[in-house]
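**Q** Pasting a structure here, questions to come.
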Amino acid sequence: MVRVLLYLLVFACLAVGAVWLADRPGEVSILWQGYRIETSVAIAAIGVVVLAMLAMLAWALARFVLGLPSAFSFASRARRRARGFEAVSRGMVAIGAGDPIAASRHAVDARRFSGNEPLTLLLEAQAAQLSGDRGRAEAAFKTMLDKPETRVLGLRGLFVEARRRGDMTAARAFADDAVRRSPSLAWANDALLDFHTSAGDWQAARTAVERRAALRLAEKAEAKRQRAVLLAAEALQARDGEPEKALAAALEATKLAPSLTPAAVLAGRMLAERGDIRKASKILEAAWKEVSHPDIAAAYLDVRSGDSAQDRLNRATTLAKLRPADPEGVLALADAAIHARDFAKARTTLKPLLAGGASVRACLLMAELEEAEHGAAGKVREWLARATRAPRDAAWVADGLVSDQWLPVSPISGRLDAFVWTVPPATLGSHAPALDDVLADLDDSAPLIEARAETVTTEPASIPAMPPPKPSEPPPAATVEPAPKPPEEARSAAEPKPVAEPKPAVEPKPAAAKPEAAPAKGDTRATPVIFPVSHAPDDPGPEEAQIVEEKKAKFRIFG
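Going letter by letter, the sequence shown gives residues -9 to 549 in the working numbering.
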């Protein structure tokens, strides 16, 4: 509509001009080289317009003739660029499909038609990585460093290749260079954070976390939690050498993350050692309200040294009231009641846990209760046998690793704050995330994770089973195994000593006393033991009972 109005305006102006000239007639006389030309003003104006149009036409024709070579060259370049773009597109599709042969062929075509274009270099690197040619991939990345628009991409590719071959010094140098050139790069900031945490440089790691938070590369809650974890790691490291620094870091960590158990426990114990019982109790109670943990309960019960067993029981009662019916509070209260020799209270406290399926620690506490109250070896052995098959208690788990202690960084994947207090799964496996790979090559995480896993010693996923009897030994029949020793004696004795076989209280039936047949050759299954009682507990045997007792002394087993 605007163009139509513009055209109408132009024609109106021309019409007005023509009418104006017609109303004002005149003559134009031109004398040139002895020629005299006389005409009217209107004809002279028309002639000027025609001459201008002819001049413009001649200039356009001259430009066309003179520009024919450039036009042909431009068309050739356009065709080559189109073919190069087509080769890059098909190469990318081949990369996504996992076809290294087609990707390499299209990379060659792209190089021939497009030269050192950024997409061509990227396709070459991708094809080289997909085919396993690391040298060609690094050469493509180094070529990217020569161009400003691809320099950061080249640094990322060289970083991935250096980390793949285990050259962490070169990888860190590439990440540092990338952060200097582009401070907002998420992968480079994450890599520097991983390098600092792996080296135990908690101060530099906190600086990296704060930089990531300032650049909005991480959520505020995540950055706050990471700062608390790093402060807790710094406090644990400086506890023996610099107690003042350790306490300050632990207190700051508890303010940032009250639910961070290691920081709360360390702060509570250090304050208790200094005699600040009230502040230590307040910190531990606040942490207990956030998350129940046996380490918090132990630190809370030990907050005042020299307390009697009854005082510890009273403190355990206070702790249990903060989280009613919480399993950890029940276990802490029952343990304190056993040490205070309030066996009725301990039994009443443990009853709800036993009704819902006793865990390993609940079974061990029942065994300790039976031994302390009645000294009943049979009951003790029965509860120890149940502990070997009971559901697992919660533990620190990260990337398939079950640890008895909290660690700020996962030894498997290197992730910060990877350990979670949870019940270990039935089948443990590595769940480490795949390493960031620039070029969709998914096989680079395995070597690094395997190299880290070689240096990690994990807790056993389950209590080892009792070894099967040797083929030369006859299977036991109608025997009663000796009762396990108390924890103090079990730790000092290498092997349990056999005791005199007691006379069974109830005479077993003939059918029940019939011994099992000897194991066949090559059969590795353990021979069952026939108990001369009406309800025979599944006795794990002296060797396995000793293992359970040793684990019981550590207050945590993974079964």
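Don't be surprised by glycine CBs; every beta carbon is placed ideally from N, CA and C. Small disclaimer: the values here were computed from a predicted structure and weren't measured.
Relative to the alpha-carbon of Arg124, which residue among Phe103, Val142, Ala152 and Val98 has its alpha-carbon at the smallest distance?
**A** Among Phe103, Val142, Ala152 and Val98, the Cα nearest to that of Arg124 belongs to Ala152.
**Q** Using the Cα positions of Ser349 and Arg313, report the straight-line distance between them to the nearest angstrom.
**A** Spanning the two alpha carbons is a distance of roughly 19 Å.
**Q** What does the alpha-carbon distance come out to for the pair Glu263 and Leu207?
**A** Cα to Cα, Glu263 sits roughly 40 Å from Leu207.
**Q** Would Ala388 pass as a contact of Ser400 if the rule is Cβ separation under 7 Å?
**A** A contact, by the Cβ cut-off of 7 Å.
**Q** Among Ser249, Leu250, Pro248 and Lys269, which has the Cα closest to the Cα of Gly258?
**A** When each option's Cα is compared against that of Gly258, the closest is Lys269.
**Q** Going by beta carbon distance, what residues of the same chain come within less than 7 Å of Gly37, once the five residues before and after it are set aside?
**A** No residues qualify anywhere along the chain.
**Q** In chain order, which beta strand (DSSP E) runs of at least 3 residues are fully inside the region 381 to 408?
**A** Listed in chain order, the complete beta strand (DSSP E) runs (minimum 3 residues) inside the region 381 to 408 are 385 to 388 and 391 to 393.
**Q** For Pro381, collect the residues of the same chain with a Cβ closer than 7 Å to its Cβ; drop the 5 residues on either side in sequence, then sort them by chain order.
**A** Excluding residues within five positions, the ones whose Cβ falls inside 7 Å are Gly347 and Ser349.
**Q** Assuming Leu220 and Pro398 form a contact by the criterion Cβ under 8 Å, report the distance between their Cβ atoms to the nearest whole angstrom.
**A** Leu220 to Pro398, Cβ: 7 Å. Contact.
**Q** Have a look at Asp167 and Lys279 and give me their C-alpha separation to the nearest angstrom.
**A** About 45 Å.
**Q** Which residue comes first and which comes last in the alpha helix (DSSP H) that contains Arg53?
**A** That run of the alpha helix (DSSP H) goes Val31 to Leu56.
**Q** According to DSSP, simplified to helix, strand and coil, what is Arg14?
**A** Here Arg14 sits in coil by DSSP.
**Q** Can you tell me whether Cys3 is buried or exposed? The criterion is at least 16 other CB atoms within 10 Å of its CB, across all chains shown.
**A** It counts as exposed.
**Q** Distance check for Thr187 and Leu406, CA to CA, integer angstroms please.
**A** Roughly 7 Å separates the two Cα atoms.
**Q** Report the option in Ser79, Ala288 and Ala352 whose CA atom is closest to the CA atom of Pro317.
**A** The shortest Cα separation from Pro317 among Ser79, Ala288 and Ala352 belongs to Ala352.
**Q** Work out the CA separation of Leu44 and Arg141 for me, nearest whole Å.
**A** If you take the alpha carbons of Arg141 and Leu44, they lie about 53 Å apart.
**Q** Please determine if the region 369 to 378 and the region 331 to 346 are in contact, where contact requires at least 3 C-beta pairs separated by less than 8 Å.
**A** Not touching, per the Cβ criterion.
**Q** Assuming Leu303 and Ala327 form a contact by the criterion Cβ under 8 Å, report the distance between their Cβ atoms to the nearest whole angstrom.
**A** 6 Å between Cβ atoms; contact.
**Q** Please classify Leu21: does DSSP put it in a helix, a strand, or coil?
**A** Strand.
**Q** Could you check whether Pro248 and Ala222 sit closer than 7 Å to each other, using their CB atoms as the reference points?
**A** No, Cβ-Cβ distance for Ala222 and Pro248 is not below 7 Å.
**Q** Please classify Asp136 as buried or exposed, where buried requires at least 16 other C-beta atoms within 10 Å of its C-beta.
**A** With fewer than 16 Cβ atoms within 10 Å of its Cβ, Asp136 is classed as exposed.
**Q** Short of 6 Å in beta carbon distance, which residues of its chain neighbour Arg202, apart from the five on each side in sequence? Order them along the chain.
**A** Closer than 6 Å at Cβ, skipping near neighbours: Asn179 and Ala208.
**Q** Could you spell out the range, first to last residue, of the beta strand (DSSP E) harbouring Thr412?
**A** It spans Val410 to Thr412 - the beta strand (DSSP E) in which Thr412 sits, taken as one unbroken run.
**Q** Taking only three categories from DSSP, how would you classify Glu232?
**A** In this structure, Glu232 counts as coil in the three-state DSSP scheme.
**Q** So for Pro464, helix, strand or coil by DSSP?
**A** For Pro464, the predicted structure reports a pLDDT of 38, less than 50, and the residue's modelled location is therefore unreliable. The matter cannot be settled from this model.
**Q** To which residues of the same chain is Leu256 closer than 6 Å at the C-beta, ignoring the five residues directly before and after it?
**A** Counting only Cβ-Cβ distances below 6 Å, and skipping sequence neighbours, we find Ala225 and Ala240.
**Q** For Pro518, name the three-state secondary structure that DSSP assigns.
**A** Per-residue confidence for Pro518 stands at a pLDDT of 38, beneath the threshold of 50, marking its modelled position as unreliable; no derived number is given.
**Q** Assuming Leu111 contacts Met134 under a Cβ cut-off of 8 Å, what Cβ separation, rounded to an integer in Å, is found between them?
**A** The Cβ separation is near 5 Å, so the contact holds.
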